[in-house]
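Visitor: Below you'll find the structure I mean.
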Amino acid sequence: MPTRSLLLATLCLLALTGCKFGSSSSSSSSSNPPDTSELPPNILFIVIDDVGVDQFASFGYGGAQPAQTASIDAIAQAGVRFRNTWSMPTCSPTRSTFFEGRYPFRSGVRNAIVSNDLANSQVSPYTLTTPRLLREQAGYVSALIGKMHLTGSDINPNNHPLGDDAMRELGWDYFAGYLDGAPYPIDTTAGGVAAPGTYQCGFVPNTTADINNGADYGVCYLPDGHSSGSHLLMTDPGQYPTPGRTCLELGGILDPRSSAYSEVRRSELDFSTQNGHYTGAWKINLADGSNRQLSADQAEARGYRTILETNLAIDWIEQISEQQPDTPWMLSLGYSTLHTPLQPPPASLLPHPDAALSLIGCGTPVADSLSELGILPSGAIDLADFAQQRAVAQHMLEAVDHEIGRLLVSTGIALEQDDGSLEYNPESNTVVVITSDNGTYMPTVKLPFDPLRAKGSLYQTGVWVPLIVAGPMVNDSNRDVPHMVNSTDLFSLFREIAGIDAAALPSELQLDAQPVMPYLTEPQQAAIRSNNFTEQGTNISASTPAPCVIPAA
Numbered sequence: 285m286p287t288r289s290l291l292l293a294t295l296c297l298l299a300l301t302g303c304k305f306g307s308s309s310s311s312s313s314s315s316n317p318p319d320t321s322e323l324p325p326n327i328l329f330i331v332i333d334d335v336g337v338d339q340f341a342s343f344g345y346g347g348a349q350p351a352q353t354a355s356i357d358a359i360a361q362a363g364v365r366f367r368n369t370w371s372m373p374t375c376s377p378t379r380s381t382f383f384e385g386r387y388p389f390r391s392g393v394r395n396a397i398v399s400n401d402l403a404n405s406q407v408s409p410y411t412l413t414t415p416r417l418l419r420e421q422a423g424y425v426s427a428l429i430g431k432m433h434l435t436g437s438d439i440n441p442n443n444h445p446l447g448d449d450a451m452r453e454l455g456w457d458y459f460a461g462y463l464d465g466a467p468y469p470i471d472t473t474a475g476g477v478a479a480p481g482t483y484q485c486g487f488v489p490n491t492t493a494d495i496n497n498g499a500d501y502g503v504c505y506l507p508d509g510h511s512s513g514s515h516l517l518m519t520d521p522g523q524y525p526t527p528g529r530t531c532l533e534l535g536g537i538l539d540p541r542s543s544a545y546s547e548v549r550r551s552e553l554d555f556s557t558q559n560g561h562y563t564g565a566w567k568i569n570l571a572d573g574s575n576r577q578l579s580a581d582q583a584e585a586r587g588y589r590t591i592l593e594t595n596l597a598i599d600w601i602e603q604i605s606e607q608q609p610d611t612p613w614m615l616s617l618g619y620s621t622l623h624t625p626l627q628p629p630p631a632s633l634l635p636h637p638d639a640a641l642s643l644i645g646c647g648t649p650v651a652d653s654l655s656e657l658g659i660l661p662s663g664a665i666d667l668a669d670f671a672q673q674r675a676v677a678q679h680m681l682e683a684v685d686h687e688i689g690r691l692l693v694s695t696g697i698a699l700e701q702d703d704g705s706l707e708y709n710p711e712s713n714t715v716v717v718i719t720s721d722n723g724t725y726m727p728t729v730k731l732p733f734d735p736l737r738a739k740g741s742l743y744q745t746g747v748w749v750p751l752i753v754a755g756p757m758v759n760d761s762n763r764d765v766p767h768m769v770n771s772t773d774l775f776s777l778f779r780e781i782a783g784i785d786a787a788a789l790p791s792e793l794q795l796d797a798q799p800v801m802p803y804l805t806e807p808q809q810a811a812i813r814s815n816n817f818t819e820q821g822t823n824i825s826a827s828t829p830a831p832c833v834i835p836a837a
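Take the sequence shown: its position 481, counting from 1, is numbered 765 in this note's numbering, and each next residue is one higher.
Encoded structure:
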């Protein structure tokens with residue numbers, strides 16, 4: 285099978301795995317939405333994890349070889365690029381500002397929430413959050429899909445008093461995602477087929493990438509309930525040039541160099557251990573007040589997170605558009621990517637024709653082998669590993685851009701042109717807001733930014749994030765706003781989009797959020813902020829947290 289056909293087939297199989305998670309998807313297209321001219325705009329709020337402005341050509345950066353982000357670029361061309369936006373240095377404080385409009389010293393969320401942080405340093409169920417405000421004042425229905433990291437998790441139930449109801453208690457009508465702050469580490473056993481540390485990417489590579497431990501064929505064991513059955517024979521290298529990677533993308537585990545299915549062998553494989561971006565322990569809060577949980581060994585929870593998150597977003601928007609066409613909605617979509625662990629995305633999501641044959645690795649084995657072959661001196665191993673991490677991160681960004689495009693087109697928010705490009709559709713009556721929670725992770729920072737002042741630091745590389753807004757109210761699109769904006773200001777933006785007057789807010793509420801809407805409607809709007817703010821603090825913890833250690837390359 286030609287590579288292009290393989291990629292298309294793989295994408296179709298990924299779609300077949302499905303991920304309804306309790307939402308009923310409409311069979312009709314949302315490309316022709318009902319007349320919503322009398323309704324306040326819908327809001328699609330997209331948060332991409334760990335990407336600063338250094339990653340984007342649309343902001344004038346991106347390094348020597350910028351990522352291809354056609355979907356994000358299309359939204360930027362239809363909207364406004366805010367060129368001077370600050371976040372907090374880490375995720376939880378920034379994400380809390382989106383929905384509270386208050387600086388960390390007011391909210392108590394001063395750093396990324398970890399398992400020993402008390403509830404005092406998590407978003408309080410008693411605070412006024414964006415979904416609660418929009419529901420009470422403007423009749424919005426809301427959903428949160430993916431990661432937002434606003435509370436504790438099951439890692440330490442003692443510091444997680446809201447439990448599985450956490451996102452519902454914070455105001456969202458529907459939630460399907462993760463309460464943890466990041467995907468779990470990569471399973472270097474690739475599902476129990478090798479010793480720990482063997483497969484740095486979480487799958488069995490082909491022999492071109494790893495002549496010692498790779499495999500060019502095998503049996504792909506699929507989890508119970510998979511739409512493709514119990515297994516797939518991947519014994520034809522022409523059809524499956526990278527069988528281990530393709531099997532992982534389908535949610536399976538490859539038994540390398542095997543040509544026959546065995547129930548005994550299946551019982552030996554480990555479907556329960558999480559594997560980076562290809563598994564998840566999902567929490568689902570349904571609108572009827574019930575909850576669901578999915579563990580890593582279930583077919584619904586396996587597959588590339590970015591695809592699953594996008595599928596869920598499409599399902600929810602289609603459901604609301606069909607069942608509640610006269611109700612405005614806000615969807616907050618927190619993509620897990622590009623948070624560590626850095627792991628190659630499905631080749632079918634990448635714009636490169638040779639992506640399926642990529643030799644990019646995830647860690648030291650590839651760098652070590654290059655040194656052993658004399659291609660790199662031993663002292664260059666760290667540099668080789670950094671180069672791999674930057675390449676994988678760029679692929680992850682290109683993959684999430686692909687999925688953003690699929691989301692926009694599937695829901696009618698954007699229209700696909702004859703040449704494949706996207707054009708924002710103002711008739712969708714939907715405002716699209718794209719940003720990140722902090723700057724780029726140190727090894728993947730693009731020049732001329734300083735990797736030693738990256739995510740987790742108070743310097744520009746750690747807090748200078750992209751912010752793009754497109755919507756029907758934007759005048760003179762495809763322009764830059766040079767004035768200071770803060771992550772807290774998105775709280776005001778969401779309120780302004782919904783048509784809620786600031787006077788409707790409780791008088792005792794101490795907000796730091798400043799208006800954003802004037803920048804969208806008035807191209808010559810003067811600066812609103814006279815100063816900007818970012819903060820790195822310490823959460824209230826039951827014990828001193830362990831240091832965050834970045835493993836040596």
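Every residue gets a Cβ at the ideal spot worked out from N, C-alpha and C, and that includes glycine.
Label residue 807 either buried or exposed according to how many other C-beta atoms from any shown protein chain fall within 10 Å of its C-beta, with 16 as the threshold for buried.
Guide: exposed
Visitor: Give me, in chain order, the residues of the same chain whose beta-carbon lies closer than 8 Å to that of residue 402; leave out the 5 immediate sequence neighbours on both sides.
Guide: 443, 823, 824, 825 and 826
Visitor: Going by DSSP, which residues form a beta bridge with residue 504?
Guide: Under DSSP, residue 504 takes part in a beta bridge, and its partners are 516 and 538.
Visitor: Using only the alpha-carbon positions, how far apart do residue 706 and residue 356 sit?
Guide: 10 Å
Visitor: Helix, strand or coil for residue 843 per DSSP?
Guide: The chain is shown from 285 up to 837; residue 843 falls before or after that span and cannot be answered.
Visitor: Pick from 520, 508 and 523: whose alpha carbon is nearest that of residue 537?
Guide: 508
Visitor: How is the alpha helix (DSSP H) around residue 389 delimited, first residue to last?
Guide: Looking at the DSSP string, the run of the alpha helix (DSSP H) that includes residue 389 is 388-391.
Visitor: So what does DSSP say about residue 700, is it helix, strand or coil?
Guide: strand
Visitor: Taking the DSSP output, what are the residues bridged to residue 763?
Guide: 364
Visitor: So the alpha helix (DSSP H) residue 548 belongs to, where does it begin and stop?
Guide: 547-552
Visitor: Using 8 Å as the Cβ pair cut-off and three pairs as the minimum, do the stretch 547-559 and the stretch 442-461 touch?
Guide: no
Visitor: Residue range of the alpha helix (DSSP H) that residue 595 falls in?
Guide: 589-607
Visitor: For residue 334, is the classification buried or exposed, using 16 other Cβ atoms within 10 angstroms of its Cβ as the cut-off for buried?
Guide: It counts as buried.
Visitor: Among the residues of its own chain, which have a CB less than 6 Å from the CB of residue 459, if the five just before and after it don't count?
Guide: 428, 451 and 569
Visitor: Flag this pair as touching only if the stretch 754-773 and the stretch 356-370 have three or more C-beta atom pairs under 8 Å; answer yes or no.
Guide: yes
Visitor: Going by beta carbon distance, what residues of the same chain come within less than 6 Å of residue 699, once the five residues before and after it are set aside?
Guide: 707 and 709
Visitor: Which residue wins for smallest C-alpha separation from residue 456, given the options 533, 383, 783 and 352?
Guide: 383
Visitor: Buried or exposed: where does residue 840 fall if 16 or more other Cβ atoms within 10 Å of its Cβ makes it buried?
Guide: Because the chain is modelled from 285 through 837, residue 840 falls outside the range shown and cannot be assessed.
Visitor: Exposed or buried, what is residue 496 when buried is set at 16 or more other beta-carbons lying within 10 Å of its beta-carbon?
Guide: exposed
Visitor: Under DSSP, the alpha helix (DSSP H) around residue 744 begins and ends at which residues?
Guide: Start and end: 744-747.
Visitor: Beta-carbon within less than 7 Å of residue 673's beta-carbon, same chain only, minus the 5 sequence neighbours each way: which residues are those?
Guide: 626, 727 and 728
Visitor: Out of 424, 805, 414 and 774, point me to the one whose CA is closest to residue 609's CA.
Guide: 424
Visitor: Do residue 692 and residue 622 have their CB atoms nearer than 7 Å?
Guide: no
Visitor: How big is the Cα-Cα spacing for residue 566 and residue 716?
Guide: Rounded to the nearest angstrom, the two C-alpha atoms are 25 Å apart.
Visitor: First and last residue of the alpha helix (DSSP H) that includes residue 421?
Guide: 414-422
Visitor: Would residue 723 and residue 344 qualify as a contact pair, given that the criterion is a beta-carbon distance under 7 Å?
Guide: no
Visitor: Would you call the stretch 765-778 and the stretch 729-737 touching, i.e. three or more CB-CB distances under 8 Å?
Guide: no
Visitor: Grab the span of the beta strand (DSSP E) containing residue 617 for me, first residue to last.
Guide: 613-618
Visitor: Which residue from 595, 564, 591 and 588 puts its Cα closest to that of residue 578?
Guide: 564
Visitor: Leaving aside the five residues before and after residue 479 along the sequence, list all residues of the same chain whose C-beta is less than 8 Å from its C-beta, in chain order.
Guide: 473
Visitor: Return helix, strand or coil for residue 309, following the three-state DSSP convention.
Guide: Residue placement at residue 309 is poorly supported in this model, since its pLDDT is 38, which falls under 50; the coordinates still yield a value, given next. Reduced to three states, the DSSP call for residue 309 is coil.
Visitor: Please classify residue 688: does DSSP put it in a helix, a strand, or coil?
Guide: helix
Visitor: In whole angstroms, give me the CA-to-CA distance for residue 690 and residue 388.
Guide: 35 Å
Visitor: Output the boundary residues of the beta strand (DSSP E) element that contains residue 578.
Guide: 575-578
Visitor: Run through the DSSP bridge pairs and tell me what residue 430 is partnered with.
Guide: 461 and 618
Visitor: Can you give me the start and stop residues for the beta strand (DSSP E) that residue 719 sits inside?
Guide: Where residue 719 is concerned, the enclosing beta strand (DSSP E) stretches over 714-720.
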